[in-house]
Amino acid sequence: MTIRTQGYATHSATGELSPFSFERRDPRPSDVVIDILYCGICHSDIHSARNEWGWTTYPFIPGHEIIGRVKNVGGKVTKFKAGDLVGVGCLVDSCRTCASCKDGLEQYCENGFTGTYGGEDRIGGTPHPKTFGGYSDKITVDERFVLSIPQNLDAAAAAPLLCAGITTYSPLKHWNIGPGQKVGIIGLGGLGHMGVKFAHAMGAKVVMITTSPEKGEDARKLGADEVLLSTNAQAMEAAQSSFDFLLNTIPVGHDADPYMKLLKRDGTMVVVGAVEPLKQVNGIPFIMGRRSMAGSLIGGLPETQEMLDFCGKYNIVCDIEKIAIRDVNQAYDRTVKGDVKYRFVIDMATLKS
Numbered sequence: 180m181t182i183r184t185q186g187y188a189t190h191s192a193t194g195e196l197s198p199f200s201f202e203r204r205d206p207r208p209s210d211v212v213i214d215i216l217y218c219g220i221c222h223s224d225i226h227s228a229r230n231e232w233g234w235t236t237y238p239f240i241p242g243h244e245i246i247g248r249v250k251n252v253g254g255k256v257t258k259f260k261a262g263d264l265v266g267v268g269c270l271v272d273s274c275r276t277c278a279s280c281k282d283g284l285e286q287y288c289e290n291g292f293t294g295t296y297g298g299e300d301r302i303g304g305t306p307h308p309k310t311f312g313g314y315s316d317k318i319t320v321d322e323r324f325v326l327s328i329p330q331n332l333d334a335a336a337a338a339p340l341l342c343a344g345i346t347t348y349s350p351l352k353h354w355n356i357g358p359g360q361k362v363g364i365i366g367l368g369g370l371g372h373m374g375v376k377f378a379h380a381m382g383a384k385v386v387m388i389t390t391s392p393e394k395g396e397d398a399r400k401l402g403a404d405e406v407l408l409s410t411n412a413q414a415m416e417a418a419q420s421s422f423d424f425l426l427n428t429i430p431v432g433h434d435a436d437p438y439m440k441l442l443k444r445d446g447t448m449v450v451v452g453a454v455e456p457l458k459q460v461n462g463i464p465f466i467m468g469r470r471s472m473a474g475s476l477i478g479g480l481p482e483t484q485e486m487l488d489f490c491g492k493y494n495i496v497c498d499i500e501k502i503a504i505r506d507v508n509q510a511y512d513r514t515v516k517g518d519v520k521y522r523f524v525i526d527m528a529t530l531k532s
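In this note's numbering, the protein residues as written are 180 to 532.
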């Protein structure tokens, strides 16, 4: 037996997303069946749907920023019950035995985690060899990979926390950002706007680093204390060696050197946006200031729950534009153009119509 499911899929790299019926597995003893309420649109969804990274197989259903209500649970589930508001992020399985998994860092699973979409389905129970994502009306997930959503948060605006939120929270937490530190957030988009909110809530002095004066004004409304225009050579020179930490959310390859020079001695810039080669990285800024560049990938399940609880405490959610699923293809085009503040979220109730 399987669970009949409705969603939106694409069948080729150049095809549009359209209605698609498929099967989810019946719940095992450790599984949670979730009725999906909302799913955010991440730029990774678009790259994957259009096979821009070269690994996509079709049919393909994106979506890894999932909010829903528990429909039913398997007999051994202890953390959730029917009616609970829950989330599912970028992971639905991992090996669970390697050092990273044992440390609650499933995103660095040494044997390869299973992505919410496009991953090798190790569990089975359906005719599909790959996992299908959250652009659908329901999903079955092992309880270990299901997260509790604070009741005070707006459910739709909480959806992108499952990717954009944890992608920016994790490095800020790992590098112990807090009061007395000057933090630069480079780029104001889906990731950058969450970085501003988190760094502000953590008590740091937050500077938005952007090419756009208009985005700088938006960043102030989100909690930035100052704005630094990276196109202003004089301002960039004056700001050299003044930052404790930089969170770089630029989504494309770029010259890292001007940003590295902004760091104090022993400062760190963490790259979370560019999943393609950086255009230039000169060794001199590293050597002269014992500066570091690092990367960070989402978060494990314990840290993601910690992030959601933090959001509940400080009432932090994403700035979103809610859409009907029939408008998803236009939303993809607008996302590519940067025409959204700052994340699209699909209302899955519109799937029924």
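By construction, the Cβ of each residue, glycine as well, lies at the ideal position given by its N, Cα and C atoms.
task: Tell me whether histidine 190 is buried or exposed, calling it buried when 16 or more other Cβ atoms sit within 10 Å of its Cβ.
output: Counting Cβ neighbours within 10 Å, histidine 190 comes out exposed, since fewer than 16 surround it.
message: Just to confirm before moving on: does the CB-CB distance between leucine 401 and threonine 389 stay below 9 Å?
response: Against a cut-off of 9 Å, the Cβ pair of threonine 389 and leucine 401 comes out as no contact.
field: Residue from Arg183, Arg323, Asp512 with nearest C-alpha to phenylalanine 311
entry: For phenylalanine 311, the nearest C-alpha among the options comes from Arg183.
- prompt: For valine 375, which residues of its own chain have a beta-carbon under 8 Å away from its beta-carbon, when the five flanking residues on both sides are left out?
  reply: Shown here for valine 375: same chain residues with a beta carbon closer than 8 Å to its own, the five before and five after excluded, namely Ile364, Leu367, Val385, Met387, Ala398, Leu401, Gly402, Ala403 in chain order.
field: CA-to-CA distance, isoleucine 502 to aspartate 518, given in whole angstroms
entry: Approximately 14 Å between the Cα atoms of the pair.
Per-residue DSSP class, three states only, for isoleucine 345: Assignment of isoleucine 345 by DSSP, reduced to helix, strand and coil, places it in the helix class.
field: Rounded straight-line distance, which links the Cα of cysteine 221 to that of glycine 313
entry: Computed Cα separation, rounded: 11 Å.
message: Assuming valine 533 is part of the beta strand (DSSP E), what are its boundary residues?
response: A query on residue 533 cannot be resolved here, the shown segment of the chain reaching from 180 to 532 and no further.
field: Contacting residues, own chain, Cβ-Cβ under 7 Å from alanine 510 (five flanking each side not counted)
entry: If we look at alanine 510 and ignore the five residues flanking it on each side, its Cβ neighbours are Ile220, Ile502, Phe523.
Buried or exposed (CB count within 10 angstroms, at least 16 for buried), glutamate 299: Glutamate 299 should be labelled exposed.
query: Exposed or buried, lysine 492, counting other C-beta atoms within 10 Å across all chains shown (16 or more means buried)?
result: It is exposed - the Cβ of lysine 492 has fewer than 16 other Cβ atoms within 10 Å.
- prompt: Contact between the stretch 266-275 and the stretch 290-304: three or more CB pairs below 8 Å?
  reply: Yes, the stretch 266-275 is in contact with the stretch 290-304.
message: Do lysine 361 and alanine 380 count as a contact pair if the criterion is CB distance below 9 Å?
response: For alanine 380 and lysine 361, no; Cβs fall outside 9 Å.
- prompt: Based on the DSSP output, what are the partners of aspartate 214 in its beta bridges?
  reply: Beta-bridge pairing links aspartate 214 to Arg248, Lys317.
task: For aspartate 210, collect the residues of the same chain with a Cβ closer than 8 Å to its Cβ; drop the 5 residues on either side in sequence, then sort them by chain order.
output: So the list reads Arg204, Val252, Gly253, Val256, Thr319, Val320, Asp321, Glu322, once near-sequence residues are dropped.
message: For a test of the three-state rule: what should DSSP assign to alanine 192, helix, strand or coil?
response: Under the three-state reduction of DSSP, alanine 192 is assigned to coil, being neither helix nor strand.
- request: Specify, as a first and last residue, the run of the beta strand (DSSP E) that serine 471 falls within.
  value: Start and end: 471-474.
- request: Could you tell me which residues DSSP pairs with methionine 448 in its beta bridges?
  value: Paired residue(s): Leu425, Met472.
message: Just verifying my parser: in three-state terms, what is the DSSP assignment at valine 375?
response: Here valine 375 sits in helix by DSSP.
- prompt: According to DSSP, what are the bridge partners of glutamate 500?
  reply: For glutamate 500, which the question treats as bridged, DSSP gives the partners Phe523.
- request: For the stretch 326-335 and the stretch 302-309, state whether three or more C-beta atom pairs, one from each stretch, are separated by less than 8 Å.
  value: Of all C-beta pairs linking the stretch 326-335 to the stretch 302-309, fewer than three are shorter than 8 Å, placing the two stretches out of contact.
- prompt: How big is the Cα-Cα spacing for tyrosine 521 and valine 515?
  reply: For tyrosine 521 and valine 515, the distance between alpha carbons rounds to 12 Å.
- request: Within 10 angstroms of the Cβ of serine 349, are there 16 or more other Cβ atoms? Answer buried if so, exposed if not.
  value: Taking every protein chain shown into account, the CB of serine 349 has 16 or more other CB atoms within 10 angstroms, so this residue is buried.
Simplified DSSP state of leucine 480, which is helix, strand or coil: Leucine 480 falls in the helix class under three-state DSSP.
- prompt: phenylalanine 292 by DSSP, collapsed to three states: which one?
  reply: Coil at phenylalanine 292, not helix or strand.
task: Can you check DSSP and say which residues form a bridge with glutamine 185?
output: Partner(s): Ser200.
field: Other residues of its chain near proline 358: CB distance less than 6 Å, five sequence neighbours each side excluded
entry: Hits under 6 Å: Gly382.
field: For tyrosine 239, three-class secondary structure by DSSP
entry: For the record, residue 239 in the displayed sequence is phenylalanine; it is not tyrosine. The answer is strand: DSSP assigns phenylalanine 239 an E or B state.
message: If the criterion is Cβ atoms closer than 9 Å, does the pair leucine 370 and valine 451 meet it?
response: At a Cβ-Cβ threshold of 9 Å, leucine 370 and valine 451 count as neighbours.
query: Near serine 339, what residues of its chain come up, given a Cβ to Cβ distance below 6 Å and the 5 sequence neighbours on each side ignored?
result: Note on residue identity: the sequence assigns proline, not serine, to residue 339. Close CB contacts of proline 339 within its chain, under the 6 Å cut and outside five residues either way in sequence, are with Gly219, Glu244, Cys497, Arg522 (chain order).
- request: Find the nearest neighbour of alanine 378 within the set Glu285, Leu426, Ile504, Thr181, judged by alpha-carbon distance.
  value: Comparing Cα-Cα distances from alanine 378 to each of Glu285, Leu426, Ile504, Thr181, the minimum goes to Leu426.
query: Mind checking whether aspartate 224 and proline 241 have CB atoms under 9 Å apart?
result: Taking 9 Å as the cut-off, the beta carbon of aspartate 224 is found closer than this to the beta carbon of proline 241.
- request: Grab me the residues of asparagine 494's own chain with a C-beta within less than 8 Å of its C-beta, minus the 5 sequence neighbours each way, in chain order.
  value: Scanning its chain for C-beta atoms nearer than 8 Å, with the 5 sequence neighbours on each side dropped, one finds around asparagine 494 the residues Asn331, Leu332, in chain order.
task: In the DSSP assignment, find the beta strand (DSSP E) that holds glycine 298 and state where it starts and stops.
output: Careful: glycine 298 lies outside any beta strand (DSSP E) and carries neither H nor E.
query: What three-state label does DSSP hand methionine 387 in the structure shown?
result: Note: methionine 387 maps to strand in three-state DSSP.
- request: In the DSSP assignment, find the alpha helix (DSSP H) that holds isoleucine 225 and state where it starts and stops.
  value: Note, isoleucine 225: alpha helix (DSSP H), 222-228.
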